[in-house]
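A quick write-up on the structure given underneath.
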Ligand SMILES: Cc1cc2nc3c(=O)[nH]c(=O)nc-3n(C[C@H](O)[C@H](O)[C@H](O)COP(=O)(O)OP(=O)(O)OC[C@H]3O[C@@H](n4cnc5c(N)ncnc54)[C@H](O)[C@@H]3O)c2cc1C
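In this note's numbering, the protein residues as written are 80 to 308.
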């Protein structure tokens, strides 16, 4: 994971009310050094030449409106424009963001929270830990592909954090699902999970169909998609 801090006067007025929100990061197209700012046509961003810009969705972290800074934490993986960009970006390079997208509306009357996901969910889970009511129990389960992805998470007085190692021959979600399949889902629990789309689909089926969790009590989001073989 690489943390990139974004700054600039355009951040003035950026209001992110809920944790686990999103922003979209514009990346330079292949062969171009400069950013070409696209236009919103009411439906999608397009460049003047009609081409689709390269845009990736990330979690806006630690927004500090007084100093006009926010952090992005980007998972480094084998291939990927954002992943490569994060490894090469240097102080002073231009950047462009749009957003924010909606975050998680916390139910402050919840009896307990269950948070889960993979490395891409760590920034959002960090924010959730800072925002959830301090008197409510929070169980956190995070699947990691590499042991060094275990980061120090913000302190929450009622939280327990469990890291689950994905075996090298496993599919995304295997270790997480093994850990959370029998989790307490009794009334009053609220679930937030994010990670690979297929893994989240399996968790939705498990929780909604097999275990009868009400859909309104859970947010389970695909954050990235492993290509089908
Ligand atoms: C609301 C929201 C918030 C998000 N927040 C964050 C965040 O804070 N930090 C973050 O790192 N990601 C976050 N993501 C996920 C991120 O948008 C994707 O992982 C994105 O695909 C990364 O772009 P890339 O250019 O590196 O890879 P891409 O060019 O999109 O993908 C290239 C290849 O890499 C694979 N791939 C993509 N991501 C991963 C991964 N994480 N691990 C392994 N393989 C991968 C794809 O399957 C594809 O085969 C978020 C997504 C959403 C929807």
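C-beta: ideal position from N, C-alpha, C; glycine also. Bear in mind the structure is a predicted one, so any value in this text is a computation, not a measurement.
Check: Does at least one heavy atom of ligand 1 sit under 8 angstroms from the Cβ of residue 230?; Outcome: no
Check: Given 8 angstroms as the limit, tell me if residue 202 has its C-beta closer than that to any heavy atom belonging to ligand 1.; Outcome: yes
Check: Taking DSSP's pairing of strands, which residues face residue 238 in a bridge?; Outcome: 217
Check: Considering Cα atoms alone, identify which of 153, 287 and 187 is closest to residue 166.; Outcome: 153
Check: By alpha-carbon positions, which one of 179, 274, 162 and 133 ends up nearest to residue 80?; Outcome: 162
Check: Hey, residue 309 and residue 202 are a contact pair by Cβ (cut 8 angstroms); roughly how many whole angstroms apart?; Outcome: Any question about residue 309 goes unanswered here, given that the chain covers just 80 to 308.
Check: According to the neighbour-count rule (16 or more other Cβ atoms, all chains shown, within 10 Å of its Cβ), is residue 96 buried or exposed?; Outcome: exposed
Check: What do you reckon, is the C-beta of residue 304 under 8 angstroms from a heavy atom of ligand 1?; Outcome: yes
Check: According to DSSP, is residue 140 part of a helix, a strand, or is it coil?; Outcome: strand
Check: Let me check understanding here. Comparing Cα to Cα, which of 176, 183 and 170 lies closest to residue 270?; Outcome: 183
Check: Mapping DSSP to helix, strand and coil, what is residue 297?; Outcome: strand
Check: Answer yes or no: the CB of residue 300 versus the heavy atoms of ligand 1, is any distance below 8 angstroms?; Outcome: yes
Check: Nearest to residue 229 by alpha carbon, out of 235, 236 and 245?; Outcome: 245
Check: Taking 8 angstroms as the cut-off, is the C-beta of residue 96 nearer than that to any heavy atom in ligand 1?; Outcome: no
Check: On the DSSP bridge list, what partners appear for residue 272?; Outcome: 195 and 299
Check: Given this structure, state the Cα-to-Cα distance separating residue 285 from residue 147, to the nearest angstrom.; Outcome: 42 angstroms
Check: Does residue 105 come out as helix, strand or coil in the three-state DSSP assignment?; Outcome: strand
Check: With residue 160 as the anchor, note down where its alpha helix (DSSP H) starts and where it stops.; Outcome: 160 to 167
Check: My understanding is that residue 51 touches residue 180, with C-beta atoms under 8 angstroms, so please give their C-beta distance in whole angstroms.; Outcome: The structure shown does not extend to residue 51, since the chain spans only 80 to 308, so no value can be given for it.
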